[in-house]
Amino acid sequence: MNELSSTMIAPHVTDLSEKGLHITLSDGISYYFNYYWLRDNCPTSFSPITRERSFDIFHLEDSPCARTAEVEGDALVIAWEDEGHVTRMPLDWLVTYAGGNSRIDPADLTRVAWYSDHYPTVPRFSQPELVADKDQRAAWIKAMLVHGFTIVTDMPDSDEGLTQTAELMGFVRPTFFGTYFDVRTHINPTNTAYTSAALELHTDTPAEEFAPGIQFLHCRANTVQGGQSLYADGVAVANDFRARDPEGFKLLSEISIPFFCEHDTYDARSRQTVIELDQHGEVSGLTISQHMADIFDLDQELLDDYYPAFCRFGRMLQEDKYMMRFLMKGGECIVFDNHRIVHGRAAYSATSGDRYLRGCYVDRGEMRSTYRALVSEGRFKG
Ligand SMILES: [Fe+2]
1 MNELSSTMIA
11 PHVTDLSEKG
21 LHITLSDGIS
31 YYFNYYWLRD
41 NCPTSFSPIT
51 RERSFDIFHL
61 EDSPCARTAE
71 VEGDALVIAW
81 EDEGHVTRMP
91 LDWLVTYAGG
101 NSRIDPADLT
111 RVAWYSDHYP
121 TVPRFSQPEL
131 VADKDQRAAW
141 IKAMLVHGFT
151 IVTDMPDSDE
161 GLTQTAELMG
171 FVRPTFFGTY
181 FDVRTHINPT
191 NTAYTSAALE
201 LHTDTPAEEF
211 APGIQFLHCR
221 ANTVQGGQSL
231 YADGVAVAND
241 FRARDPEGFK
251 LLSEISIPFF
261 CEHDTYDARS
271 RQTVIELDQH
281 GEVSGLTISQ
291 HMADIFDLDQ
301 ELLDDYYPAF
311 CRFGRMLQED
321 KYMMRFLMKG
331 GECIVFDNHR
341 IVHGRAAYSA
351 TSGDRYLRGC
361 YVDRGEMRST
371 YRALVSEGRF
381 KG
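Right, here's the structure in full:
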């Protein structure tokens, strides 16, 4: 067989079995498709109005089974036993999902790690341009998915400015702080952030069962002495940790530890792995906070290994190679992935001026949803 004929296979059904069928597609490979899957995903199973599946597979009287199935033009045509229904399944659709492939996700982008010298090249976006321009919003969210850290400039000097900016990305996600929080020095602080002390690198509210995803910090004033913002990319550190300390990486990515956060009216608790992996096994983030780590309830002999690994990683996070330092300016909003970027603050002199940040959160899933809607047409083209 010459090369030309091997690439010119006419798609054809080769076998109808009890639970599914085999079809040879134009790549010359025989693929198996289950009858339930074919029937459930018949193009007629979906409503273009609601954009949801309208077919109810739970109420089929018998297991779906093909009476006949053959290729006609660019579709696989199946006449079903018992039901009197005919499915016309486009062949290119079968090629896309053959072998159990997932739907392509435009928000599943490769992360780019960044290091201490990142500040001058941090992606920056002007708030009024984000409000006015859909393409700017898509570029902003893409930068968040890839780098996990952006700066929005030209923020309105108002409480509403923060909410308006966050809502460009998704719904504001409340926490036990409420729908927003103010970071300034408090007389009776309920949180280290509300003092002028140094704040070690951490991710926020790890004690929530589902910690908030994207953090917005709108700087309304910053004229104090000190108080440099500190940020490090958890993906950069954890990827290097994986190479430097594979055993430690395994412990921190596989074993969950408890976190807590309590005061008079709340007592949040959860378990998280310090290093988070995505569906590809790549590092997608961190959960770490010394001031909210609860009593480690692992086997005490496991702690012989876990604690040193935890400390090795914690020290690595603070290496100069990773630590981006800068002073926030009034009118800027720092936007970062709270599951990926660790943040902290140097101590400052509370009497030397004003330091006032207002913050809120949006969940990661909301951000990805908004991005997909901005850059793709989804399954139901108009
Ligand atoms: Fe924080």
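Read left to right, the sequence shown gives residues 1 to 382 (the UniProt record's numbering).
Just so you know, even glycine gets a beta-carbon here, dropped at the ideal spot from N, CA and C.
At least one heavy atom of ligand 1 lies less than 7 Å from the C-beta of residue 204. No heavy atom of ligand 1 is found nearer than 7 Å to the CB of residue 263. The C-alpha of residue 290 is placed about 28 Å away from the C-alpha of residue 166.
Bridge pairing for residue 261: 268 [DSSP]. Counting only runs of 3 or more residues that sit fully inside the region 204-256, the beta strand (DSSP E) segments are 214-222, 229-233, in chain order. The C-alpha of residue 243 is placed about 41 Å away from the C-alpha of residue 34. Distance from the C-beta of residue 218 to the nearest heavy atom of ligand 1 is not below 7 Å.
Distance from the C-beta of residue 343 to the nearest heavy atom of ligand 1 is below 7 Å. Among the bridge pairs identified by DSSP, residue 363 is matched with none.
Excluding its 5 nearest sequence neighbours in each direction, residue 261 has C-beta neighbours in its own chain below 6 Å: 207, 268, 292, listed in chain order. Within the DSSP bridge table, the entry for residue 89 names 76 as partners. Residue 158 sits exposed, since fewer than 16 C-beta atoms from the chains shown fall within 10 Å of its C-beta. Residue 158 sits in coil when the DSSP states are folded into three classes, being neither helix nor strand.
By the neighbour-count criterion, in which 16 or more other beta carbons inside 10 Å mark a residue as buried, residue 215 falls on the buried side.
The residues 87, in chain order, have a CB closer than 6 Å to that of residue 42 in the same chain once the five nearest residues on each side in sequence are set aside. Inclusion of residue 360 and residue 179 in the CB contact set at 8 Å is warranted, their separation being smaller than that value. Around the Cβ of residue 225, a 10 Å sphere holds fewer than 16 other Cβ atoms; the residue is exposed. Under the DSSP assignment, residue 147 falls in the alpha helix (DSSP H) whose first and last residues are 134-147. Put simply, of 287, 239, 309, 316 the residue whose alpha carbon is nearest the alpha carbon of residue 281 is 239. Taking a cut-off of 8 Å on C-beta distances, the region 303-314 does not touch the region 89-107, as fewer than three cross pairs fall below it. In the DSSP assignment, residue 28 falls outside any alpha helix (DSSP H) and carries neither an H nor an E. Per DSSP, residue 277 lies in no alpha helix (DSSP H); the unbroken beta strand (DSSP E) holding it starts and ends at 275-277. With contacts defined as CB atoms closer than 8 Å, residue 343 and residue 231 qualify as a contacting pair.
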